[in-house]
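Its first residue numbered 254, the sequence shown is counted upward by one per residue in the numbering used here. To start, the structure under review is shown below, and the notes come after it.
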Amino acid sequence: VQLQASGGGLVQPGGSLRLSCAASGSISIINTMGWYRQAPGKQRELVAVINSGGRANYADSVKGRFTISRDNAKNPVYLQMYSLKPEDTAVYHCYLRHYGADYWGQGTLVTVSS
């Protein structure tokens, strides 16, 4: 299984970005995909995940600002981020859980700065 994330970049506070994650390989139709992030000097934390049934969970810090979505039970998964704040700056890692195992992508850098 490989996970490829895209869509990161530099954005001003209050701006928006859309991240995409595509998984390749043999993927179960029963899975959870989403995003974690890691800021410099901090531990990796959940941003948002969505299961193959479409149920989503969000970190409290992004509720109302970020929306996770997916086309179907396979691929891809999107993270639409609005009203970005400097504290959202981090490397965002795509995530997949299936068959009881966790997989991580390399990540894409999101920088929120004026």
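Here a beta-carbon is modelled for each residue, glycine too, at the ideal position from N, C-alpha and C. The structure displayed is predicted, hence computed values, not measured ones.
(request) Pick out whichever of Met286, Asn325, Gly260, Glu298 has its Cα sitting closest to the Cα of Gly353. (result) Within the sequence shown, residue 353 is the residue found at index 100, counting from 1. Taking only the C-alpha atoms, the option nearest Gly353 is Met286.
(message) Residues in the same chain with beta-carbon distance under 8 Å from Asn284, minus the five sequence neighbours each way, listed in chain order, please.
(response) In the sequence shown, counting from the first residue as 1, residue 284 sits at position 31. Only Asn304, Ser305, Ala326, Leu349, Arg350, His351 meet the Cβ criterion.
(request) Tell me Arg290's beta-bridge partners as DSSP assigns them. (result) Counting from one through the sequence shown, the residue named residue 290 turns up at place 37. According to DSSP, Arg290 bridges with Glu298, Tyr345.
(request) May I have the straight-line CA-CA distance separating Leu299 from Gly260, to the nearest angstrom? (result) Counting from 1 along the sequence shown, the entry for residue 299 is found at position 46. Counting from 1 along the sequence shown, the entry for residue 260 is found at position 7. Answer to the nearest angstrom: the Cα atoms are 18 Å apart.
(request) Would you kindly work out how many angstroms separate the C-alpha atoms of Thr361 and Val344, rounded to a whole number? (result) Residue 361 sits at position 108 when you count from the first residue of the sequence shown. Residue 344 sits at position 91 when you count from the first residue of the sequence shown. Using only the alpha carbons, I get a separation of about 5 Å.
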